[in-house]
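Numbers given in our numbering equal positions in the sequence shown, counted from 1, plus 27.
Cβ atoms here follow ideal geometry from the backbone N, Cα and C, with glycine treated the same way.
Everything on this sheet refers to the single structure shown next.
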Amino acid sequence: MKRLRQLSLPVYMLICCSVLPLNSWFDTSPSQSKLASRRLVLVLDGVPYETIAELKAEGHFNRFKLPSRMISTFPSLTNPSMVEILHHDDSPGYEDHFYDRERNRLLGTIQDRLQGQKFIAGTFRQTFDYHADAFKGALGYVAAPIGTATLAQIDLMELRHAFRESDAPLFVGYIGETDSLAHLGGKEHLKTFLQTVDRTMEELIAEAAASGGHLEVEMFSDHGNRYDTYKNVKLNDALAEAGFVTEKTVKDERSVVLPKHGLVGASMLFTQPQNRARVAEVGAATTGVDFAVYRSDENTIELVSRRGRARLLRNGERFKYEDLGGDPLKLATIIETMKATGVIKADGFASADDWFAATREHSYVDPLRRLFDGFTKHIKTLADVIVSYEDGYLLGSPMLTYLAEMRATHGNLLRGETEGFAMSTRQELPPSVRGYELNQLFTLDQRTKVHGHFSGNGHCQLGPALAQHVLQSARTNSQP
Ligand SMILES: [Zn+2]
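Below, the structure written as structure tokens:
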């Protein structure tokens, strides 16, 4: 395993050099006559609020007002969160390897991940003015963390180049390598890169001013990332012991489909409806699981955990929490206050806004709306059961487990994995924002991508070929 990693580093450096357009090394002068007032929105995948707040306190991001907590969806993953923020059409799956109920099969292979056609085309990714091409993002996992850090720098250089080439009044650029850096490099690597982002934004703002224009910069991330050493949850074993069969299709009453893509803090399970309660119970009893949830009808979610049970009810945009013993979401004190202040009515329901205001500082931020959204919005094939892991536990792709040691992850309902950030040079933001509010605050609906700039177009195919090769040999070696 170590040898493979050593081997992959030179291979990967070669790929980097082969995909980097030579001119970006010399790309220091801004293109002419950009006199207008412009806005750059930079999407930094997976940067946690805590890390930005720390950098800000250390004196970085001086031109920006105080950062806001960006409250991600549940599960706190890129696809549902970006769909919510960008108001994009629903994503086929919670992750890019996903279960399609209509076709009754798992879709989205590693090959798809490496091909822009499937990874980018038709998704929210295509609506960005800048997005790195697909295989480079995947490559960040091969020679981590040095390789990931290098790729992040290349991504940022190319984004800067694309911004200078464009004259769109609102330019929205996306960097995915920040998420990989958090996962594989941890806090220090991510902070180092973010300081480069800070300097790059300073440069762009200064360039705009020097040419008589004006540039405002806004930034956000789609979810948090919690730094820790992670243990794997043995969910497959628990399901097998309970008599279920984890497989690629729902064949019969014993089938459970459990897609494993990244290495994340929540798992989505698909099974026949009558199995939901049992699968949730088996999940909830497994070490490292915080709770499991399933819908018993359109407006009811059952929550099962080792601490106890709860029933969540929805009536339009109003929600109610029924503690069935053990108060698993630890809401008792909050609910007392909400009753005292009259925001919880006689029927036990409170509005989505009141729940949000009351739970902003809670370990589970805005839990009721987010749990319902997890079963009703942003995704085409919605899960039958969702299992949320305790901090410090994850489950995901066996190949990634082999390739990389996780130093941070996201996906669960808790704060560290949930809270991304939003920050602006032109406006003060509230202490926390929900994804759909961010869309308005940053007027993301005004983005008008005319010519998407995808890095690396037109370069030789050596990079993708080598990446395929490295991933393939990793897979072959990992077979027992
Ligand atoms: Zn991630």
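### Query
Between I112 and D249, what straight-line distance do the alpha-carbon atoms span, to the nearest angstrom?
Between the C-alpha atoms of I112 and D249 there is a straight-line separation of about 8 angstroms.
### Query
Can you name the residues that DSSP bridges to A449?
DSSP lists S95 and F247 as partners of A449.
### Query
Relative to ligand 1, is the shortest distance from any of its heavy atoms to the C-beta of G212 smaller than 6 angstroms?
No - ligand 1 has no heavy atom lying nearer than 6 angstroms to the Cβ of G212.
### Query
What is the residue span of the alpha helix (DSSP H) that F190 lies within?
Per DSSP, F190 belongs to the alpha helix (DSSP H) from I173 to E192.
### Query
Between G135 and the rest of its own chain, which residues show a CB-CB distance below 6 angstroms, the 5 nearest in sequence each way excluded?
Cβ neighbours of G135 within its own chain (closer than 6 angstroms, five residues either side excluded): D123, H124 and F125.
### Limits of the beta strand (DSSP E) - the one that T105 falls within
Counting along the chain, T105 falls outside any beta strand (DSSP E), though it belongs to the alpha helix (DSSP H) covering T105 to L113.
### Message
Under DSSP, the alpha helix (DSSP H) around R396 begins and ends at which residues?
### Response
For R396, the uninterrupted alpha helix (DSSP H) run begins and ends at P394 to T403, by DSSP.
#### Entry: Spatial distance of S99 from G200 (CA atoms)
Their Cα atoms are separated by approximately 19 angstroms.
### Query
Would the beta-carbon of R66 fall within 7 angstroms of that of L183?
Taking 7 angstroms as the Cβ cut-off, R66 and L183 do not qualify as a contacting pair.
### Message
Let me confirm a value: G73 is counted as buried when at least 16 other C-beta atoms fall within 10 Å, else exposed. Which label applies?
### Response
By the Cβ neighbour-count rule, G73 is buried, with 16 or more other Cβ atoms within 10 Å of its own.
### Message
Rounded to whole angstroms, what is the Cα-Cα separation between L356 and F399?
### Response
Note on geometry: alpha-carbon atoms of L356 and F399 lie some 14 angstroms from one another.
### Option in S238, G251, A237 and V110 with minimal Cα separation from T205
Just measuring C-alpha positions, the residue of S238, G251, A237 and V110 sitting nearest T205 is G251.
#### Entry: Three-pair Cβ contact test at 8 angstroms for the stretch 416–424 versus the stretch 362–381
Verdict: no, contact absent.
### Query
In angstroms, rounded to a whole number, what distance separates the CA positions of S193 and L186?
Cα-Cα distance, rounded: 11 angstroms.
### When L471, S294, A312 and T105 are compared against A410, the one with the closest alpha-carbon
Looking only at L471, S294, A312 and T105, the smallest Cα-Cα distance to A410 is reached by S294.
### Task
Can you check DSSP and say which residues form a bridge with N14?
Residue 14 is absent from the model: the chain starts at 28 and stops at 507.
### Task
Compute the minimum distance between the beta carbon of G73 and the heavy atoms of ligand 1, and state whether it is under 6 angstroms.
Shortest gap from the CB of G73 to any heavy atom of ligand 1: under 6 angstroms.
### Query
Does ligand 1 have even one heavy atom less than 6 angstroms from the beta-carbon of D206?
Between ligand 1 and D206, a heavy atom-to-CB distance of less than 6 angstroms is present.
### Message
Is the beta carbon of G438 closer than 7 angstroms to that of L104?
### Response
A Cβ-Cβ contact shorter than 7 angstroms links L104 with G438.
### Three-way DSSP call (helix, strand, coil) for K214 in this model
In the structure shown, K214 sits in a helix (DSSP, three-state: H, G or I).
### Task
Find out if the Cβ-Cβ distance for the pair T452, V291 is shorter than 7 angstroms.
Result no, Cβ atoms of T452 and V291 do not sit closer than 7 angstroms.
### Task
Determine the burial state of Y121: buried for a count of at least 16 other Cβ atoms within 10 Å of its Cβ, exposed for fewer.
Its Cβ being crowded by 16 or more others within 10 Å, Y121 is buried.
### Task
May I ask you to list the residues that DSSP assigns as paired with E329?
Under the DSSP definition of a beta bridge, E329 partners with Y321 and R338.
### Query
Bridge partners of V74, per DSSP?
Paired residue(s): none; V74 is not in a bridge.
### Task
Let me know the secondary structure DSSP gives F198 once reduced to three states.
Here F198 sits in strand by DSSP.
### Query
Buried or exposed: which applies to P300, given that a residue is buried once 16 or more other Cβ atoms fall within 10 Å of its Cβ?
A residue is called buried when at least 16 other Cβ atoms come within 10 angstroms of its Cβ; P300 does not meet this threshold and is exposed.
### Message
Taking contact to mean 3 or more Cβ pairs, one atom from each stretch, closer than 8 angstroms, check whether the stretch 171–181 and the stretch 210–226 are in contact.
### Response
Inter-segment contact for the stretch 171–181 and the stretch 210–226 is present: three or more beta-carbon pairs are separated by less than 8 angstroms.
### Message
If I measure Cβ to Cβ from T408 and keep anything under 8 angstroms in the same chain, skipping five residues before and after, which residues do I get?
### Response
The answer, listed in chain order, is P119, G120, F125, Y126, D127, R128, E129 and F297.
### Query
Applying the criterion that 16 or more other CB atoms from any shown protein chain within 10 Å of the CB defines a buried residue, is A233 buried or exposed?
Residue burial annotation: A233 is exposed, with fewer than 16 other C-beta atoms found within 10 angstroms of its C-beta.
### Query
Should H87 and N466 be called a contact, given that it needs their Cβ atoms to be closer than 7 angstroms?
If you check the CB distance, H87 and N466 do not come in under 7 angstroms.
### Message
Nearest by alpha-carbon distance to E280: which of G270, S207 and G289 is it?
### Response
Nearest to E280 by alpha-carbon distance, out of G270, S207 and G289, is G270.
### Query
In this structure, what does DSSP give as the bridge partners for S22?
Because the chain is modelled from 28 through 507, residue 22 falls outside the range shown and cannot be assessed.
### Query
Out of curiosity, what's the CA-to-CA distance linking A236 and E229?
Rounded to whole angstroms, A236 and E229 show a C-alpha spacing of 11 angstroms.
### Task
Work out the CA separation of R333 and L340 for me, nearest whole Å.
Pairing L340 with R333, the inter-Cα distance amounts to about 21 angstroms.
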